[in-house]
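A.B. asks: Quick note on the working numbering: the sequence shown kicks off at 1169 and runs consecutively.
Built from N, CA and C at the ideal position, the CB exists for glycine as well.
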Amino acid sequence: MEMVDSWCKGAEDGKIGSIRSILQAFRRACHYGEDSGDNSAPKFSVMSGSVLDKVMHYVLKNMDSILRQLLGAPSSGGKKEKISELMMTNSWKRNGNLMRVYLVNAFHMITEMTDDQMIAFTILRVRASAVFLAAFPSLLRKYVKTLLYTWARGRGAMPFISFLFLRDLCVQVGPDCLDTCLKGIYKAYLVNCKLSKSISGSKLQHIQFLGNCVKELYTVDPQSAYQHAFVFIRQLAVILRGALTERGPKTSKDKKQKERNKPTNKQLEKSYQKVYDWQFIFCLELWTGVVCGCSSEEDFRPLAYPLTQIIHGVACLVPSARYFPVRIRCVKMLNCIAEATGTFIPVSSLLLDMLEMKELRGRPDGGVGKAVNMFNVKQVDKKMVKTRAFQEACIYSVVDELAKHLAQWSYSVAFIEMSFLPLVQLRNFCKTIKADRFRKEMKDLIRQVEANVEFISAKRAGITFPPNDPAAEKEVRSSPLSEYVATLHQRAQNRIDSLDETSVIVGAESSTFSKRLSEAQKQQEEHDDSEEPIAFSKNLLAEKKKTKAAKEKSKKRARDDDDVPAEEDVVEDLVLSSDEEAEDENDGLGSDEDGSAPV
1169 MEMVDSWCKG AEDGKIGSIR SILQAFRRAC HYGEDSGDNS APKFSVMSGS VLDKVMHYVL
1229 KNMDSILRQL LGAPSSGGKK EKISELMMTN SWKRNGNLMR VYLVNAFHMI TEMTDDQMIA
1289 FTILRVRASA VFLAAFPSLL RKYVKTLLYT WARGRGAMPF ISFLFLRDLC VQVGPDCLDT
1349 CLKGIYKAYL VNCKLSKSIS GSKLQHIQFL GNCVKELYTV DPQSAYQHAF VFIRQLAVIL
1409 RGALTERGPK TSKDKKQKER NKPTNKQLEK SYQKVYDWQF IFCLELWTGV VCGCSSEEDF
1469 RPLAYPLTQI IHGVACLVPS ARYFPVRIRC VKMLNCIAEA TGTFIPVSSL LLDMLEMKEL
1529 RGRPDGGVGK AVNMFNVKQV DKKMVKTRAF QEACIYSVVD ELAKHLAQWS YSVAFIEMSF
1589 LPLVQLRNFC KTIKADRFRK EMKDLIRQVE ANVEFISAKR AGITFPPNDP AAEKEVRSSP
1649 LSEYVATLHQ RAQNRIDSLD ETSVIVGAES STFSKRLSEA QKQQEEHDDS EEPIAFSKNL
1709 LAEKKKTKAA KEKSKKRARD DDDVPAEEDV VEDLVLSSDE EAEDENDGLG SDEDGSAPV
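1. Less than 7 Å between the beta carbons of residue 1509 and residue 1463, yes or no?
2. Using C-beta distances below 8 Å, list every residue in its chain close to residue 1521, excluding the 5 sequence neighbours before and after it, in chain order.
3. Using 8 Å as the threshold, is the region 1436-1456 in touch with the region 1347-1365, meaning 3 or more CB pairs across them?
4. Taking just the CA atoms, how far does residue 1311 sit from residue 1296?
5. For residue 1368, is the classification buried or exposed, using 16 other Cβ atoms within 10 angstroms of its Cβ as the cut-off for buried?
6. Which of helix, strand or coil does DSSP assign to residue 1581?
7. Starting from residue 1285 and walking both ways along the alpha helix (DSSP H), at which residues does that stretch end?
8. Grab me the residues of residue 1558's own chain with a C-beta within less than 7 Å of its C-beta, minus the 5 sequence neighbours each way, in chain order.
9. Per DSSP, what kind of secondary structure is residue 1545 in: helix, strand or coil?
10. Pull up the distance between the alpha-carbon of residue 1293 and that of residue 1271, whole angstroms please.
11. With C-beta atoms as the reference, is residue 1475 less than 7 Å away from residue 1459?
12. Under 8 Å: do the region 1244-1263 and the region 1282-1290 share three or more Cβ pairs, one atom per stretch?
13. Measure the beta-carbon distance from residue 1124 to residue 1519 and round it to whole angstroms, keeping in mind my assumption that it falls under 8 Å.
14. Starting from the C-beta of residue 1619, find all residues in its chain whose C-beta is less than 8 Å away, skip the five residues before and the five after it, and write them out in chain order.
15. Do you know offhand how far residue 1575's Cα is from residue 1653's?
16. Can you give the Cα-Cα distance for residue 1469 and residue 1514, rounded to whole angstroms?
17. Give me the residue from 1279, 1600, 1348, 1223 with the minimum Cα distance to residue 1318.
18. Between the C-alpha atoms of residue 1579 and residue 1391, what's the straight-line distance to the nearest angstrom?
19. Evaluate residue 1171 with the Cβ neighbour count: other Cβ atoms within 10 Å of its Cβ, from every protein chain shown; 16 or more gives buried, anything less gives exposed.
20. Quick one: is residue 1242 buried, meaning 16 or more other Cβ sit within 10 Å of its Cβ, or exposed?
21. In its own chain, which residues sit with a C-beta less than 8 Å from the C-beta of residue 1111, not counting the 5 before and 5 after it?
22. When you compare the CB positions of residue 1350 and residue 1298, do they come within less than 7 Å of one another, or not?
23. Measuring CA to CA, which of 1234, 1195, 1353, 1217 is closest to residue 1181?
24. Residue 1219 to residue 1173, Cα distance in whole Å?
25. From this set, 1169, 1305, 1200, which residue's C-alpha is nearest residue 1226's C-alpha?
26. Tell me the DSSP secondary structure of residue 1526 in three-state form.
27. Give me the Cα-Cα distance between residue 1199 and residue 1261, rounded to the nearest whole angstrom.
28. What does the alpha-carbon distance come out to for the pair residue 1517 and residue 1388?
29. Using the three-state DSSP reduction, which class does residue 1444 fall into: helix, strand or coil?
30. So residue 1302 and residue 1326 are in contact, right, with Cβ under 8 Å, and what is the actual spacing, rounded?
31. Residue 1187 to residue 1381, Cα distance in whole Å?
32. Only counting the same chain, and skipping five residues up and downstream in sequence, which positions put a Cβ closer than 8 Å to that of residue 1506?
33. Going by DSSP in three states, residue 1511 sits in which element: helix, strand or coil?
34. If you scan the region 1235-1280 from start to end, which runs of the alpha helix (DSSP H) of 4 or more residues do you find wholly inside it?
35. Tell me which same chain residues have a C-beta within less than 6 Å of the C-beta of residue 1602, skipping the five on either side of it?
36. Write down the C-beta distance between residue 1379 and residue 1457 rounded to the nearest angstrom, noting that I regard them as a contact closer than 8 Å.
Below, the structure is given as C-alpha cells:
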C-alpha cells in the first residue's frame, strides 16, 4: 500500500515513472484473476483487495486530469480538432500511449464486470476522457458498441450514464462518431420495442426514457440527423404501402380479377401485424417526438408531411373497433405535429368516424367489463369491445382529442367554418346515443364549441389584423375552448392515474428531458462522490472464483464425455426464426438501400 501511495503522490506531481507504474498496476487490476503468460511484473502478481480498490478508485477519479496536464490538453472537454493538433506535438508522441493504456483497460473493465453499480461508476469516470477516443478510431468503435448495449440493456443509473457518454462522443468527436451513434441508438431502441399485445407501465416508462434519449441525440446535429430520419421514416412508409397493397383494391369491375388478386387470410394477418405492431407504433411516436422537437429547424420541417401521411394511413388501415386504441394514439400524434408545426391536420374525421360505429352508438351487451387503458394495448378482443368500460374509454378519448384539435384553432378567424361539420355530427350523435352520461359529455363539448364560435364571431366583427397572423389572434385573450381543454386534460390524467398501470403519452416530458440532463448529471456525480467507495475487489474476486469453477466444471464435463459410450442420435425439431425477426436483429428496420425490411 505504501508503494501505491508513493506512485499516487508522484503521479500528482507529474512524474512519468509514477504515472506508468500506477497505470501498470491499473492494468493488472483490470485483468485480475485472468490467466496471463506475462511475467514481466511480478510485483503485481499478488494484489490484496485494499490495494486493488485503491488503484481502481485513484486511476478512475484522477487519471484524466493527470494525463491532460501531462499532454498539454484542455483541463476538461475539448473537440476533435484540438486532439488532432495535440497528436502532432512531441508530448503526445512521447506519452500519448499512456492515454490509450488507460482507455483500453477501462474498456476491459466495462465489458468484463457484471456488477451494474461498478460498470456505471467506471463509465461515469471514463466519460471525462471521451474526446481522446478520437485519436483511437478502432477503440472508439468498440466503446460506441458497448455503450449502446449498456444503454439499451442496463439497469439503474447505467442507461442514463451511458447515454451521457454517447452524447459527449457525438458532440466532441463529431461526424466520425455521430452517424454510427444515430444509426446504432435507433436500432437498439427497436430491439426494446419488441413487445406483446399489452405491456406493463414500467416497460412503457422505460421505452419512453429510451425514446427521449433518441430524440435528444437527434437534436445534436439536425442536418446529419435528417438523413437518417428520412431513411427510417421511408422504411415505415414502405411497410405501410405493403400492407395497403396486400389488402387489394376496394372496388373492381372485373370480379374474377378481384377474386384472383384477393389475398389469403394469412397474408392479410401478416400485413396487419407488421403495421399494428408495438415496434411500428413506437417508431411513429419516436419520429413524431423528433419532428416536434426539431420543428424550429428548417432541415426537419419537410419530414412532417410524409410522417403525417403515414400516421393517417395507419389510423385508417383497419376500420374496426378492436383497433380503436391504435387510432387514438395516431390522432394524438397528429395533434402533436399540428401543434408543433402550426399546420392544420384534419383529424376530426378520424374521431367522428369512430362515433358512427355501432359499438359506440348502441347499448353495450357485454356487461361492465374491466377498465381499459387505451395506451397500454394496441387492440382489444371481441368480448372487450362489447363492454361498457371500452365504450366509455373510447368516447372520453374522442372528446379529449377532438377538443384538443379544435382548441388549437380556437383563435383562428376560420374557426366558425372549420367547426361546422363536427358540430353537426356531434348533435346527431347526441340524438342517437342511449347512455345519458355520454349524451351529457357530448353536450358539454358542443356547448363549449358554440361558445367559441360566438367568441370568434364577436372578434371577427372588429378585426384589425390580417387573417394569416395567428400571433395577433392569440393576443386577444384565452378562448373558451382552450380553457375547457385544460380541464379535460386534467380529468383525463386523473382517469389514467386511477388505472392499475401507468400510460405513456406521446411527447410526455420530452420537452424537459434535455433541460434535466445537466441537472441529473450533477446529482449523479454528487451522489457518487458522497457515497462509500465501491469495493471493486469483491466483484473481481467473485469473478475469479466463477471463472475457476466454470473451468473446472468444463474439464469435468469433458472427462465425463470421454467416459460415456456412444449412444444413438436423438433427432429434435428445429425451430426456425421468422424472416422478420432475423432481419430485425441484424439491421433493425432493414438495409439503408431499399428500406423494405419489416419492423
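C.D. replies: From the atom records:
1. As a first step, residue 1509 must be located in the sequence shown, where it is residue number 341. As a first step, residue 1463 must be located in the sequence shown, where it is residue number 295. Taking 7 Å as the Cβ cut-off, residue 1509 and residue 1463 qualify as a contacting pair.
2. Along the sequence shown, read from residue 1 onward, the residue named residue 1521 stands at position 353. Same-chain partners within the cutoff: 1487.
3. Taking 8 Å as the limit for Cβ pairs, the verdict is that the region 1347-1365 does touch the region 1436-1456.
4. Numbered from 1 along the sequence shown, position 128 holds the residue referred to as residue 1296. Numbered from 1 along the sequence shown, position 143 holds the residue referred to as residue 1311. Residue 1296 and residue 1311: Cα-Cα distance of roughly 14 Å.
5. Residue 1368 sits at position 200 when you count from the first residue of the sequence shown. Under this definition residue 1368 is an exposed residue.
6. Translated into positions along the sequence shown, residue 1581 becomes position 413. The answer is coil: DSSP assigns residue 1581 none of H, G, I, E or B.
7. Along the sequence shown, one-based indexing puts residue 1285 at 117. That run of the alpha helix (DSSP H) goes 1284-1294.
8. If you number the sequence shown from 1, residue 1558 lands on position 390. Residues of the same chain with a CB within less than 7 Å of the CB of residue 1558, apart from the 5 flanking positions on each side, are 1537, 1540, 1548, 1552 in chain order.
9. Here residue 1545 refers to the residue found at position 377 of the sequence shown. If DSSP states are grouped into helix, strand and coil, residue 1545 belongs with the strands.
10. For this step, residue 1293 is matched to residue 125 along the sequence shown. For this step, residue 1271 is matched to residue 103 along the sequence shown. About 11 Å.
11. One-based indexing of the sequence shown puts residue 1475 at position 307. One-based indexing of the sequence shown puts residue 1459 at position 291. Going by C-beta atoms, residue 1475 is nearer than 7 Å to residue 1459.
12. They do not touch, by the three-pair rule.
13. Missing from the structure shown is residue 1124; the chain here goes from 1169 to 1767 and no further.
14. Translated into the one-based positions of the sequence shown, residue 1619 becomes position 451. Counting only Cβ-Cβ distances below 8 Å, and skipping sequence neighbours, we find 1648, 1649.
15. Reading the sequence shown from its first residue, position 407 is the one you call residue 1575. Reading the sequence shown from its first residue, position 485 is the one you call residue 1653. Annotation: residue 1575 to residue 1653 spans about 7 Å, alpha carbon to alpha carbon.
16. One-based indexing of the sequence shown puts residue 1469 at position 301. One-based indexing of the sequence shown puts residue 1514 at position 346. Spanning the two alpha carbons is a distance of roughly 18 Å.
17. If you number the sequence shown from 1, residue 1318 lands on position 150. The shortest C-alpha to C-alpha distance from residue 1318 to any of 1279, 1600, 1348, 1223 is the one to 1279.
18. One-based indexing of the sequence shown puts residue 1579 at position 411. One-based indexing of the sequence shown puts residue 1391 at position 223. Here the alpha carbons of residue 1391 and residue 1579 stand approximately 34 Å from one another.
19. The residue you call residue 1171 lines up with position 3 of the sequence shown. Around the C-beta of residue 1171, fewer than 16 other C-beta atoms lie within 10 Å, and the residue is accordingly described as exposed.
20. Walking along the sequence shown from the start, residue 1242 turns up at place 74. Residue 1242 comes out exposed.
21. Residue 1111 falls outside the range modelled here, since the chain spans only 1169 to 1767, and no answer is possible.
22. Residue 1350 sits at position 182 when you count from the first residue of the sequence shown. Residue 1298 sits at position 130 when you count from the first residue of the sequence shown. Contact: no.
23. Position 13 of the sequence shown, counting from 1, holds the residue named residue 1181. The shortest C-alpha to C-alpha distance from residue 1181 to any of 1234, 1195, 1353, 1217 is the one to 1234.
24. Along the sequence shown, one-based indexing puts residue 1219 at 51. Along the sequence shown, one-based indexing puts residue 1173 at 5. Linking residue 1219 to residue 1173 through their CA atoms gives a straight-line distance of about 10 Å.
25. Taking the sequence shown and counting its residues from 1, the one referred to as residue 1226 is at position 58. Looking at the Cα atoms, 1169 is the closest of the given residues.
26. Counting from one through the sequence shown, the residue named residue 1526 turns up at place 358. DSSP places residue 1526 within a helical segment (H, G or I) once states are collapsed to three.
27. Here residue 1199 refers to the residue found at position 31 when the sequence shown is read from its first residue. Here residue 1261 refers to the residue found at position 93 when the sequence shown is read from its first residue. Cα to Cα, the separation comes out at about 27 Å.
28. Here residue 1517 is taken as the residue at index 349 of the sequence shown, counted from 1. Here residue 1388 is taken as the residue at index 220 of the sequence shown, counted from 1. Straight-line Cα distance between these residues: approximately 37 Å.
29. Sequence index remark: in the sequence shown, residue 1444 carries index 276 (1-based). The answer is coil: DSSP assigns residue 1444 none of H, G, I, E or B.
30. By one-based count along the sequence shown, residue 1302 stands at place 134. By one-based count along the sequence shown, residue 1326 stands at place 158. For a cut-off of 8 Å, the C-beta gap from residue 1302 to residue 1326 is around 24 Å, too long to register as a contact.
31. One-based indexing of the sequence shown puts residue 1187 at position 19. One-based indexing of the sequence shown puts residue 1381 at position 213. Their backbone Cα atoms lie some 37 Å apart in a straight line.
32. Translated into the one-based positions of the sequence shown, residue 1506 becomes position 338. Cβ within range, chain order: 1512, 1513, 1515, 1573, 1576.
33. Here residue 1511 corresponds to residue number 343 of the sequence shown, with the count starting at 1. Under the three-state reduction of DSSP, residue 1511 is assigned to coil, being neither helix nor strand.
34. Taking 4 residues as the minimum length, the alpha helix (DSSP H) runs contained wholly in the region 1235-1280 are 1248-1254, 1258-1280, in order along the chain.
35. Translated into the one-based positions of the sequence shown, residue 1602 becomes position 434. The beta carbon of residue 1602 sits closer than 6 Å to the beta carbons of 1531 from its chain, once the five residues preceding and following it are set aside; these are given in chain order.
36. Position 211 of the sequence shown holds residue 1379. Position 289 of the sequence shown holds residue 1457. Right, the Cβ-Cβ distance comes to about 6 Å (below 8 Å), so this counts as a contact.
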